[in-house]
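Notes follow once the structure below has been shown.
2 protein chains.
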Amino acid sequence: MDMIDTSKSKKLIGVFDSGIGGLTVLKEITRLLPTENTVYLGDTARVPYGSKSKETVERYAVEDAKFLVRHNIKLLVTACNTASAYAIARLENEFDIPVIGVIKPGAMAAVAATRVNRVGIIGTEGTIKSSAYCTAIKFINPAVSTFVQACPLFVPLVEEGWAEDEIAAIIAARYLEDLKKSGIDTLVLGCTHYPLLKKTISAIMGDGVMLVDSAASTAVEVKRILSDQGLLNNGDGGEVVRKFFVTDSPERFYVVGRRFFGEGLNQAELAFLE
Amino acid sequence: MDMIDTSKSKKLIGVFDSGIGGLTVLKEITRLLPTENTVYLGDTARVPYGSKSKETVERYAVEDAKFLVRHNIKLLVTACNTASAYAIARLENEFDIPVIGVIKPGAMAAVAATRVNRVGIIGTEGTIKSSAYCTAIKFINPAVSTFVQACPLFVPLVEEGWAEDEIAAIIAARYLEDLKKSGIDTLVLGCTHYPLLKKTISAIMGDGVMLVDSAASTAVEVKRILSDQGLLNNGDGGEVVRKFFVTDSPERFYVVGRRFFGEGLNQAELAFLE
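Here the protein sequences line up with chains R and X, keeping their order. No gaps in the numbering here: position 210 of the first sequence is 209 in numbering that gives the first Met the number 0, and each next residue is one more. No gaps in the numbering here: position 9 of the second sequence is 8 in numbering that gives the first Met the number 0, and each next residue is one more.
Here it is as structure tokens:
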């Protein structure tokens, strides 16, 4: 009989996203906590989540989480903004491990950044419709005013590889027109694809507007919770586990994923959720 | 016990698509065959198919078809170009009713239209990658040369409602740059969303290029097959059945669907395929 290591801290951190974008969140987690074992799931067969209903996104999020829970995880990260906006409460109810979304960390980062108490949020249709960022920001500091804009074309633009193209600049200018006039000094990039548009968005919004994304602050939140619960894995010098699963096209994930994760991305295996 | 009409011709024509676009095909079918009963399924929970793998699109197409077959259909129409490109052979194997895709009718229309034997095809990544239109066109007339271009941003552009916007014009100009130089006189709009971009595409390609889509010729093919098999329903003056199902957001389908189908679109019911 094999010896099974039952130490809780050796268990994996599970991270899921509707597709590839959540790798930016995983990247920050592995940077801050390099000795933690991780398993990532990208639901590339049903991507995107951002244009779908709350009911459907909730159902998908639960299926994604169930898959990761079967990999013996100690903590679940919802790297997808839309799934975080719609499904966190449901996930917290269904699973008895800590669940972290990207909305609360992003909201905290935005409230910390603004000097004029005016924060803009851009995201998918679902994320904006849910008002999740506005609710979280108001909860942290009711004095902060929020201004929102859904940008449905940003994800396909990034996927097309046109993030720094003049076409991206024209589309971004259209979407950001009202936000530019709103007097915000902080803009939340409320979708994991948007950090790849930073240069384009920044050129439009100007130096006076700080761009905030959730990845780094989500990693900090992961560390805090693991530490609070005595679950941090400080490593034993052995190899760190980095598993990747997708529900469609592992080859494409490997190629496009490097844009988001950089070196260190392993080949993904195909996952069947249904 | 109710009297059940077992007459084969009274059975429904089943039409499926990855989402809303297939309504353009259904519209042509109902225009040509107004007394036929129809059932439509839009897989809006897993849309789009165009960026996904052959294996996944095949699996989805079979699930879509199984759902329609449960509604007692006499003929199956794959209104989605990507599903037609990847899954027709599989569907023909799995089901014992006639299966019609949009590729062959579109290819026939293009071959009939070209005077210089040079045809362009635009479509999703999947449709272009499959070479299905090129294969079909070469099969009909080997003398015809084909020129292809995937246009991944066209569907999100139409869904955003920007089909006739200056942004659409800029994106279309980029995608069509090489096709414009290729000497084609016929361009296949190889995706059900693209007819909504006709004005924009036509302005770039010029009057010398005929735009062909599959909807009308697919309807003609449906009529031919039903007629050949003695399955045409000439109606008995009773009410015609028009059922609509989607896998996500029936409300959104009703609103956006009217852009594709016009009046006569009924409320859709939610369908569960898995």
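No residue lacks a Cβ here, since even glycine has one placed at the ideal position from N, Cα and C.
Taking 7 Å as the CB-CB limit, is P104 of chain X close to chain R?
no
Ordered list of beta strand (DSSP E) runs contained in the segment 78-106 of chain X, each at least 3 residues
98-100
Per the DSSP calculation, Y39 of chain R is bridged to which residue(s)?
R:V14 and R:F243
Three-state secondary structure (DSSP) at A270 of chain R?
coil
Three or more beta-carbon pairs under 8 Å between the segment 246-260 of chain R and the segment 113-124 of chain R, yes or no?
no
So what does DSSP say about D1 of chain R, is it helix, strand or coil?
Its pLDDT being 42, under 50, D1 of chain R is placed unreliably in this model, and the value from its coordinates should be taken loosely. It is coil, neither helix nor strand.
Check the DSSP bridge columns for M204 of chain R and list the partner residues they point to.
In the DSSP output, where bridge partners are listed per residue, M204 of chain R has none listed.
Presumed contact (8 Å Cβ cut-off) between T217 of chain R and P97 of chain R, rounded CB distance:
Not really, about 13 Å apart at Cβ, beyond 8 Å.
What are the residues in the segment 137-158 of chain X lying within 9 Å of chain R by C-beta distance?
P151, L152, V154, P155, L156 and E158
With a cut-off of 7 Å, does the C-beta of I19 of chain R fall near any C-beta of chain X?
no
Per DSSP, the bridge partner or partners of F277 of chain X:
Here chain X comprises residues numbered 0 to 273, so residue 277 of chain X is not present and cannot be evaluated.
Quick check: the Cα distance between I127 of chain X and G229 of chain R, rounded to an integer number of angstroms?
52 Å
With a floor of 3 residues, list each beta strand (DSSP E) that falls wholly inside the segment 124-206 of chain R, ordered by position along the chain.
144-149 and 185-189
With H, G and I counted as helix, E and B as strand and the rest as coil, what does DSSP make of V56 of chain R?
helix
Where R223 of chain R falls: helix, strand or coil (DSSP)
helix
What residues from chain X crowd round K51 of chain R, counting only those whose CB sits closer than 8 Å?
T43, A44, D247 and S248
Taking 7 Å as the threshold (C-beta atoms), are A172 of chain X and I203 of chain X in contact?
yes
From L67 of chain X to E163 of chain R, what distance separates their C-alpha atoms?
44 Å
Length of the line joining the Cα atoms of V110 of chain X and V143 of chain X:
7 Å
Got a sec, what are the start and stop residues for the alpha helix (DSSP H) R30 of chain X sits in?
L22 to L31
Determine the closest residue to R89 of chain R out of R:D247, R:T23, R:L272 and R:E54, with distance taken between C-alpha atoms.
R:E54
For V118 of chain X, which residues of its own chain have a beta-carbon under 7 Å away from its beta-carbon, when the five flanking residues on both sides are left out?
A109, I136, V143, T145, I183, T185 and V187
What are the boundary residues of the beta strand (DSSP E) that includes V211 of chain R?
M209 to V211
If we define contact as Cβ-Cβ less than 7 Å, is T37 of chain R a contact residue for chain X?
no
According to DSSP, is K51 of chain X helix, strand or coil?
coil
Which stretch, first to last residue, makes up the beta strand (DSSP E) that contains R117 of chain X?
R117 to G122
DSSP three-state assignment for V46 of chain R, whether helix, strand or coil
coil
Neighbour flag for I170 of chain X against chain R, beta carbons, 7 Å
yes
Mark F153 of chain R as exposed unless 16 or more other C-beta atoms lie within 10 angstroms of its C-beta, in which case mark it buried.
buried
Less than 6 Å between C-beta atoms, sequence neighbours within five positions excluded: which residues of the same chain meet that for Y39 of chain R?
V14, L25 and F243
Any chance the CB of V219 of chain X is under 6 Å from a heavy atom of the ligand FAD?
No copy of the ligand FAD appears in this structure; indeed no ligand is present at all.
Taking all protein chains shown into account, decide if M2 of chain R is buried (16 or more other Cβ within 10 angstroms of its Cβ) or exposed.
With a pLDDT of 45 at M2 of chain R, under the threshold of 50, the modelled position of this residue cannot be trusted; read the value that follows with caution. By the 10 Å Cβ count, M2 of chain R comes out exposed.
Could you check what DSSP says for S6 of chain X in three-state terms: helix, strand or coil?
coil
Interface partners of T55 of chain R on chain X, CB under 7 Å:
A44 and D247
Report all residues from its chain with a CB closer than 8 Å to the CB of L175 of chain R; omit the five preceding and five following residues, and keep chain order.
I121, Q148, I200, I203 and M204
Please confirm if I166 of chain R has its CB atom under 7 Å from at least one CB of chain X.
yes
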